[in-house]
Amino acid sequence: MSPDWRVPVQQGDQLETPPGSSSLLETWLENPRTSNSSATLSSCMSMEPCACPEECMFTALSHADVTFRKMEGYLRSRQLCDVILVAGERRIPAHRLVLSSVSDYFAAMFTSDVREAKQDEVKMEGVDPDALWVLVQYAYTGRLELREDTIESLLSASCLLQLSSVVQACCSFLMKQLHPSNCLGIRSYADAQGCHDLQRAAHAYTMDHFLEVVAGQEFLLLPVEEMERLLTSDDINVPDEETVVTSLLTWVRHDTTRQRHLPLLLAHIRLPLLQPQFLADLESNPLLRDSVECQRLLMEGMKYHLLPQRRPLLQSPRTRPRKATVGAMFAVGGMDATKGATSIEQYCLRRDTWRQVATMSGRRLQFGVAVLDSRLYVVGGRDGLKTLNTVECYNPHSKTWSVMPPMSTHRHGLGVAVLEGPMYAVGGHDGWSYLSTVERWDPQARQWSFVASMATPRSTVGVAVLNGKLYAVGGRDGSSCLRSVECFDPHTNRWSGCAPMAKRRGGVGVATWHGFLYAIGGHDAPASSLASRLSDCVERYDPQTDVWTAVAPMSISRDAVGVCLLGDRLYAVGGYDGQVYLNTVEAYDPQTNEWTQVAPLCLGRAGACVVAVRL
1 MSPDWRVPVQ QGDQLETPPG SSSLLETWLE NPRTSNSSAT LSSCMSMEPC ACPEECMFTA
61 LSHADVTFRK MEGYLRSRQL CDVILVAGER RIPAHRLVLS SVSDYFAAMF TSDVREAKQD
121 EVKMEGVDPD ALWVLVQYAY TGRLELREDT IESLLSASCL LQLSSVVQAC CSFLMKQLHP
181 SNCLGIRSYA DAQGCHDLQR AAHAYTMDHF LEVVAGQEFL LLPVEEMERL LTSDDINVPD
241 EETVVTSLLT WVRHDTTRQR HLPLLLAHIR LPLLQPQFLA DLESNPLLRD SVECQRLLME
301 GMKYHLLPQR RPLLQSPRTR PRKATVGAMF AVGGMDATKG ATSIEQYCLR RDTWRQVATM
361 SGRRLQFGVA VLDSRLYVVG GRDGLKTLNT VECYNPHSKT WSVMPPMSTH RHGLGVAVLE
421 GPMYAVGGHD GWSYLSTVER WDPQARQWSF VASMATPRST VGVAVLNGKL YAVGGRDGSS
481 CLRSVECFDP HTNRWSGCAP MAKRRGGVGV ATWHGFLYAI GGHDAPASSL ASRLSDCVER
541 YDPQTDVWTA VAPMSISRDA VGVCLLGDRL YAVGGYDGQV YLNTVEAYDP QTNEWTQVAP
601 LCLGRAGACV VAVRL
C-alpha cells in the first residue's frame with residue numbers, strides 16, 4: 001500500500017493543478033483512504049497542532065544528526081551552496097541557512113536588509129582563512145579541534161562571528177594553558193577580544209605568580225600602560241613593597257627610554273611602607289636622583305618614617321599595604337554550638353576566604369593568644385571543668401604544636417599581648433576570684449615572672465599595646481562590667497590610670513591603629529535588657545589627649561568579639577548577639593570611618609582569639 005501522505009495547507013490557499021486533472025483537495029475529499037474526516041482536514045488546513053493520540057505520533061530521534069550529515073555532504077560536494085565566503089585568497093562555499101542557524105553574526109547579515117544579504121560572495125575582512133574554514137565546518141558538524149598554534153586565530157574569528165559556545169571553549173582551553181611566561185600576553189589578548197572571564201583569569205594568575213612573571217620576557221616587553229595597571233593593584237602576591245620597586249627598576253633598565261615614565265609609575269609604589277634604608281638607597285639611584293617629582297615622592301616616604309606621630313594625617317593610597325604583604329589572620333578556638341571549638345581558621349585577605357588549618361590539643365574557653373616570632377602562643381583559659389595555666393605554641397609554617405612552660409597562676413578571661421619582646425598575661429579569673437596580677441614570659445630565659453599588679457582586678461579584659469605601653473581595657477571585677485582603663489609602663493614597672501570609656505564593657509575586643517586604641521563591642525552588666533546589655537558601640541582612645549571618642553558602630557552587636565588589625569583595617573570576628581554564635585566578620589576602615597562585610601568564618605564562634613601573623 002502507498003503511504004497516507006497529508007500535505008497541510010492554510011485555508012484560502014489556491015492549489016494549481018494541470019488542466020483536466022482533479023485537484024489534490026478534490027482527491028482528498030473523494031478518496032476515503034486519504035481523508036478520514038472533515039475535522040482532520042480542517043485541522044491540517046489551519047496548521048493547528050494535530051489532535052491525534054500520542055501513540056499515533058512518530059519522532060525520528062536521529063533526524064537532526066542525519067540531516068546535518070547530509071548537509072555536510074552537500075558542503076563537501078559543493079552542492080546547493082548559495083553563498084561564498086571570501087577570506088584572503090580562500091573561497092569557502094556554504095549554505096546561508098546553516099550559517100545563520102549557528103552564528104548570530106551571519107543571521108543578522110543574511111536576514112537583514114543589507115548588501116551582503118543579496119550578494120553571492122561575501123568578503124570576510126580581518127578573518128584568518130583557516131580559522132574561518134574550521135568554523136564553517138563546525139557549523140555543520142558541531143566539532144572542532146583546539147590547538148595551541150591556532151587557538152588565538154580561532155578565538156578571534158569566533159568572537160567576530162558571535163559563536164558563543166566556541167568562544168567559551170577557546171577561553172577554557174587558554175585558561176588551562178596559563179603559565180608565568182604567557183599570562184601577560186593572554187591577559188592583553190583577552191582584553192582586546194572582550195573575553196572578560198579569560199581576562200579576569202589571566203589577571204588573577206598574573207597576580208598570584210607575580211614573582212615568576214617578572215622574571216620572564218613578557219614582563220620586560222610590557223607597555224607603560226600595562227605596567228601602570230600592574231603597579232596599581234592591591235592583589236600582587238609579593239612578600240614586601242621592596243619587591244615591587246625592584247621589578248619596576250628592572251623594567252626601566254630594559255629600555256632606558258622608559259625612564260621618563262618613572263614619575264608616573266613611582267606614584268603607584270607604596271613608598272612610605274618601604275624600609276628606611278631602602279628608601280635612602282633609592283634617593284641616590286641614578287634613575288631617580290635627577291627627577292624632581294621622583295625625589296618629592298621619596299621625601300613623602302621619608303616623612304612617614306621620620307614623623308610617626310603624624311602618620312594619621314599622612315594617610316593616602318600609598319600608605320595602604322598590598323594585601324599579600326600584611327600576612328594572614330588566625331581565629332583560634334572560642335565558644336560554638338558544641339560548647340567549645342578547638343579548630344583554628346586562617347583568613348586570606350587576597351582571596352577573602354577562611355579555611356581551617358589546625359586543631360588545638362583540647363578545648364579552651366576564655367584563653368589568650370599572642371604572636372611571638374611568627375608563632376601563636378595559646379595561653380590559659382578553661383576546659384569546661386577547670387581553669388588552666390598551660391601554654392602551647394603553634395607554628396603555622398610547619399603546622400606543628402609544642403608545649404611551653406606553664407604560667408604560675410591558673411587564668412581564664414585573661415588578656416595576652418607582646419610588648420618589646422616579652423609576652424604578658426593580664427588579669428583573668430583563677431576559678432575562685434578575679435585577678436589583678438600580671439605575669440611576663442621571657443622568651444630568652446623561657447620562664448614566667450610576675451610584674452606589677454593592676455589597680456583593679458579584671459576578667460574578660462581587653463589588652464593591647466600602644467606607644468610602648470600595655471593597656472588593659474574594661475572587663476569585669478564581679479557582677480559589674482568596668483569602664484576604667486589602665487596602662488603599664490615596662491620601664492617603670494607601674495600601672496597608671498587613663499580616661500574611662502563612655503560605656504562599661506566586658507568581653508570587649510581591642511586593637512590599635514596609627515596611634516589610636518579602639519574598644520569594640522562587648523557587653524554591659526548589670527543591664528535591664530538584652531538590647532542594652534550587648535554592644536555594637538566602638539570607641540577610639542587618643543593617648544595624646546587622654547580622650548575617648550565614639551566612631552561608627554558595627555552593623556550588629558557582638559559580645560566576646562575577636563578583634564585584630566590586618567593591613568590598615570580592624571576586623572571584628574564572630575562573637576555572640578544574644579541568640580547565636582556569629583560567623584559573620586566585618587572590617588573597619590579608620591580612614592573612611594566605615595564598616596564593610598567580609599567573608600564569614602567556617603564556624604560561628606564567640607570568644608575566639610584573633611591575631612595577625614606575617615607568613
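Under UniProt numbering, think of the first position of the sequence shown as 1, with each following residue one higher. Note that the Cβ used here is the ideal one computed from N, Cα and C, for glycine as well.
Look at the stretch 41-119 and you find these whole runs of alpha helix (DSSP H), each 4 residues long or longer: 63-76, 96-102 and 104-111.
Here residue 139 has 94, 98, 99, 101, 102 and 103 as same chain residues with Cβ atoms under 8 Å from its own Cβ, once five neighbours each way along the sequence are excluded.
Per DSSP, residue 387 is not a residue of any beta strand (DSSP E), being assigned neither H nor E.
If the five residues before and after residue 533 are omitted, its C-beta is found closer than 7 Å to the C-beta atoms of 523, 524, 525 and 527, all from its own chain and listed in chain order.
DSSP places residue 429 within a strand segment (E or B) once states are collapsed to three.
Look at residue 185 here: in three-state DSSP terms it is helix. Rounded to whole angstroms, the separation of the alpha carbons of residue 471 and residue 228 is 43 Å. According to the DSSP assignment, residue 170 belongs to no beta strand (DSSP E) but to the alpha helix (DSSP H) extending over 164-176. Following the DSSP letters along the chain, one finds residue 564 inside the beta strand (DSSP E) bounded by residues 562-566.
Distance from the CA of residue 249 to the CA of residue 201, rounded to the nearest whole angstrom, comes to 27 Å. When DSSP states are grouped into helix, strand and coil, residue 319 belongs to the helix group. The distance from the Cβ of residue 270 to that of residue 318 is about 5 Å, consistent with a contact at the 8 Å cut-off. According to the DSSP assignment, residue 158 belongs to the alpha helix (DSSP H) that extends over 151-160. Under the criterion of beta carbons closer than 8 Å, residue 427 and residue 415 qualify as touching, at roughly 6 Å. Taking every protein chain shown into account, the CB of residue 386 has fewer than 16 other CB atoms within 10 angstroms, so this residue is exposed. Excluding five sequence positions before and after residue 174, the CB atoms of its chain that fall closer than 7 Å to its own CB belong to 151, 186 and 198, given in chain order. Beta-bridge analysis with DSSP links residue 469 to 466.
Membership of residue 219 in the alpha helix (DSSP H) is indicated by the continuous run 217-220. The C-beta distance from residue 561 to residue 520 rounds to 6 Å, short enough to fall under 8 Å.
DSSP, reduced to helix, strand and coil, places residue 278 within a helical segment of the structure shown. Note that the C-beta distance between residue 302 and residue 276 is below 9 Å. Taking residue 322 as reference, the option from 424, 92 and 243 with the minimal CA-CA separation is 243. In the three-state scheme derived from DSSP, where H, G and I count as helix and E and B as strand, residue 439 is classed as strand. Counting along the chain, the unbroken alpha helix (DSSP H) around residue 199 starts and ends at 196-208. In the DSSP annotation of this structure, the continuous segment of the alpha helix (DSSP H) that includes residue 140 starts and ends at 129-141. Residue 365 carries a strand assignment under DSSP once its states are collapsed to helix, strand and coil. In the structure shown, the three-state DSSP call for residue 408 is coil. Separation of residue 444 and residue 542 (C-alpha to C-alpha, rounded to the nearest whole angstrom) is 33 Å. With a beta-carbon spacing of about 10 Å, residue 559 and residue 574 fall beyond the 8 Å limit used to define contacts. Put simply, the backbone Cα of residue 145 is about 23 Å away from that of residue 196. Its Cα nearest to that of residue 564, the residue 332 stands out among 127, 74, 332 and 260. In the three-state reduction of the DSSP assignment, residue 524 falls in the coil class, being assigned neither a helical nor a strand state.
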